[in-house]
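S.K.: Read left to right, the sequence shown gives residues -31 to -1, 1 to 508 (mature numbering (1 follows the signal peptide of the UniProt record, and there is no 0)).
Don't be surprised by glycine CBs; every beta carbon is placed ideally from N, CA and C.
The model shown is predicted, which means the values in this text are computed figures rather than measured ones.
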Amino acid sequence: MIRGEPLSLSSLLSFCSILLLLLNSIINVAGEDPYRFFDWTITYGDIYPLGVKQKGILINGQFPGPEIYSVTNDNLIINVHNNLPEPSGVQERRNSYQDGVYGTTCPIPPGKNYTYTLQVKDQIGSFFYFPSLAFHKAAGGFGSLKILSRPLIPVPFPPPADDFSLLIGDWYSIDNNRLKAVLDYGHKLPFPHAVLINGRPNGATFTVEQGKTYRLRISNVGLQNTLNFRIEGHSMKLVEVEGTHTLQSTYSSIDVHVGQSYSVLVTADQAAKDYYIAVSTRFTSKVLTATAALHYSNSNQPLSGPLPPAPTQLDWSIQQARSIRTNLTASGPRPNPQGSYHYGLINISRTIILESSAAQVNGKQRYAVNSVSFVPGDTPLKLADYFNIGGVFQVGSIPDTPSHKPMYLATSVMAADFRAFVEIVFQNHENIVQSWHIDGYSFWVVGMDSGIWTPDSRKEYNLADAVSRCTTQVYPRSWTAIYMALDNVGMWNIRSEFWARQYLGQQFYMRVYSPVESPRDEYPLPKNALLCGRAVGRT
């Protein structure tokens, strides 16, 4: 979480893919909570991830973007210069006025800049940023974000010898504007051309010393495919998922779904040589693979032999997902144990069932939630709400449960009450793995199983130590259930992380409302807020 507002309950538990477009230099200023100043210029430039020139998004000339390194409670002052020929967005998912998606925030116009004042308030863990508007995500502009604990707050493992970020994702060699045009004409995207590791399909090298242990932060920054991550001859101890310290289970490989981040510890305890790091697509008829090298510093033997095998069974992935749980004895960003909040003892005040669908609307491919395919209003929804501008959206324009109506277009907004404790079920009738994200919140993944969810499915829930995160997968013809405390007032995006699907309507907004306008509950409209649409000229 990056925000400058009062601490919310979910902020004690996890933060997820902070979608920023930022960074160059870091300057500490004296004070209780340090300030770090960033100055970023966003441009198009030539990149060569697959060996041929294509147009990519650069941040201060870099692809992938620079890594953000910070400590919990740091204040970030971020000046973003948009030198793209189209509007650009910066997502700050804990302050609804600066969330970065067009439903809540005006984009930065071409040739203009905007300064954000944010705070990584009580957050730790492994995250990433990427451009959130149009189809810019297909052009790059992504980078890693590390938020470390304060020195006096213990973490549940010894300090690693080094800390590596690995940004993995599927990739197209096609220009992002051409991909966007494919979607605008109502067609589906082709299968991706490659998988990248830190912007390369092969050749990245991570050097280790024999006998030492290293932290690897793995984030799936791709557009649609689950990826399996593994290291030849080495096991991985999972220690953190999107800001939550986990039970330290050991895995030979890990499935990382779109939008998710994991931290693992790897010990260089094998013979001195180079070992393959392999990343490959899961649940696809054609398998794409990227490789990198785990290079022992005293190695004289280069990579050789076959790649480590990937799992092929769906059940393997489901069982792994169920085994990922919160470490109840570990501290979070504050000294108290992060698992001390007994979410399983709270009465559910509302159950929401979200069902995805795909269909043709007006002769074009669209995707929907509960039969509603989202279309943007002429003014960001949060600004329309703040200035009481009518006709932009209607609260209650998406039902709590599937209506089974034919798909239709609407600026869909769901009403929700501040401080409510809700159950959300993602129901998947398709033969693909889905990935869902909720801005502004972390939630407990309490259950997942095949078939159709019913109230009896609650008997399977984990009500003690479910992992807390903000992006969850839903397996084919299956359901996933989450619990979420609505402790963050605002207009929040709920979306498919399959970027073509969210672009074509598989998203909506949840308006978490409190009649008390208090800075304790919601950060006020920034004095330098960008205004657009029918909000222009408002004060």
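In the DSSP assignment, the alpha helix (DSSP H) including R470 goes from what residue to what residue?
M.R.: Run containing R470: W468 to Y472, per the alpha helix (DSSP H) assignment.
S.K.: Distance check for L455 and Q92, CA to CA, integer angstroms please.
M.R.: Approximately 18 angstroms between the Cα atoms of the pair.
S.K.: Would you check if the region 3 to 13 and the region 150 to 159 touch, i.e. whether three or more CB-CB distances between them fall below 8 angstroms?
M.R.: Cβ pair count under 8 angstroms is below three, so no.
S.K.: Taking the beta strand (DSSP E) that E16 falls in, what are its first and last residues?
M.R.: Checking the sequence, you will find Ile at residue 16 rather than Glu. First-last of the beta strand (DSSP E) with I16: Y4 to I16.
S.K.: Taking all protein chains shown into account, do 16 or more other C-beta atoms lie within 10 angstroms of the C-beta of G80, making it buried, or fewer, making it exposed?
M.R.: With fewer than 16 Cβ atoms within 10 Å of its Cβ, G80 is classed as exposed.
S.K.: Using DSSP with H/G/I as helix, E/B as strand and the rest coil, what is Y66?
M.R.: Correct three-state label for Y66: helix.
S.K.: For the pair the region 121 to 128 and the region 298 to 316, tell me if three or more CB-CB distances fall below 8 angstroms.
M.R.: With a cut-off of 8 angstroms, the region 298 to 316 and the region 121 to 128 count as touching, because enough Cβ pairs lie within range.
S.K.: Assign N339 to one of three DSSP states: helix, strand, or coil.
M.R.: If DSSP states are grouped into helix, strand and coil, N339 belongs with coil.
S.K.: For the alpha helix (DSSP H) containing D284, name the first residue and the last one.
M.R.: Segment L283 to S292, the alpha helix (DSSP H) holding D284.
S.K.: Give me whichever residues DSSP pairs with N316 in a beta bridge.
M.R.: DSSP, once it has assigned bridges, lists no residue as partnering N316.
S.K.: Since Y183 is in the beta strand (DSSP E), which residue starts that stretch and which ends it?
M.R.: First-last of the beta strand (DSSP E) with Y183: T182 to N189.
S.K.: For H406, count neighbouring Cβ atoms within 10 angstroms of its own Cβ and tell me buried if that reaches 16, exposed if not.
M.R.: Burial call: buried.
S.K.: Just the C-alpha distance for G30 and K24, rounded to the nearest angstrom, thanks.
M.R.: Rounded to whole angstroms, G30 to K24 spans 12 angstroms at the Cα level.
S.K.: Thinking C-alpha only, which one of Y183, I16 and R186 is nearest W140?
M.R.: Residue I16 is the option with its Cα nearest to W140.
S.K.: Closer than 7 angstroms by C-beta to H162: which residues in its own chain qualify, once you throw out the five before and the five after it? Chain order, please.
M.R.: So the qualifying residues of the chain are L19, W140, Y141 and S142.
S.K.: Quick check on H105: does DSSP put it in helix, strand or coil?
M.R.: Three-state result, H105: helix.
S.K.: Start and end of the alpha helix (DSSP H) containing D153?
M.R.: Per DSSP, D153 belongs to the alpha helix (DSSP H) from N145 to D153.
S.K.: Report the option in S95, N52 and T74 whose CA atom is closest to the CA atom of T41.
M.R.: For T41, the nearest C-alpha among the options comes from S95.
S.K.: Relative to the alpha-carbon of residue 526, which residue among D68, G212 and G109 has its alpha-carbon at the smallest distance?
M.R.: What is shown of the chain runs -31 to 508, which leaves residue 526 out entirely.
S.K.: Which of helix, strand or coil does DSSP assign to D132?
M.R.: Strand.
S.K.: On the DSSP letters alone, give me the boundaries of the alpha helix (DSSP H) that Y355 sits inside.
M.R.: Where Y355 is concerned, the enclosing alpha helix (DSSP H) stretches over L350 to Y355.
S.K.: When DSSP labels each residue in this structure, what does K115 get in the three-state scheme?
M.R.: It is a strand residue.
S.K.: Quick check on A504: does DSSP put it in helix, strand or coil?
M.R.: Reduced to three states, the DSSP call for A504 is helix.
S.K.: For a test of your reading of the model: does the CB of S419 fall under 7 angstroms from any non-hydrogen atom of the ligand GTP? Yes or no.
M.R.: Summarising the ligand content, the structure contains no ligands, and the ligand GTP is consequently not present.
S.K.: Does the distance from the C-beta atom of N197 to that of V235 stay below 8 angstroms?
M.R.: Cβ atoms of N197 and V235: not closer than 8 angstroms.
S.K.: With a CB to CB cut of under 8 angstroms and the five nearest residues on each side skipped, what residues in its chain are close to Y71?
M.R.: The residues are G58, L102, P345 and P349.
S.K.: If you count every other CB in all the chains shown that lies within 10 Å of the CB of V505, and 16 or more means buried, which is it?
M.R.: That one is exposed.
S.K.: Expressed to the nearest angstrom, what Euclidean distance is found between the alpha-carbon atoms of P129 and I287?
M.R.: Rounded to whole angstroms, P129 to I287 spans 29 angstroms at the Cα level.
S.K.: Identify, in the order they occur along the chain, each residue of the same chain with its Cβ nearer than 8 angstroms to the Cβ of N171, setting aside the five sequence neighbours on each side.
M.R.: For N171, where only same-chain residues beyond five positions count, the Cβ hits under 8 angstroms are A259, T260 and A261.
S.K.: Take A173 and list the residues in its own chain whose beta-carbon comes closer than 6 angstroms to its own, dropping the five residues that flank it on each side.
M.R.: Answer for A173: I166, N167 and A261, listed in chain order.
S.K.: Count the other CB atoms, across all protein chains shown, that sit within 10 Å of the CB of K374; report buried if there are 16 or more and exposed otherwise.
M.R.: It counts as exposed.
S.K.: Under a three-way DSSP split, which group does S426 fall into?
M.R.: Note: S426 maps to helix in three-state DSSP.
S.K.: When DSSP labels each residue in this structure, what does N82 get in the three-state scheme?
M.R.: Three-state result, N82: strand.
S.K.: To which residues of the same chain is I(-5) closer than 8 angstroms at the C-beta, ignoring the five residues directly before and after it?
M.R.: Low confidence applies here, because I(-5) scores a pLDDT of 34, under 50, leaving its location unreliable; read the following figure in that light. Within the same chain, I(-5) has close Cβ partners Y4, R5 and F6.
S.K.: Within 10 Å of its beta-carbon, does L499 have 16 or more other beta-carbons around it, so buried, or fewer, so exposed?
M.R.: L499 should be labelled buried.
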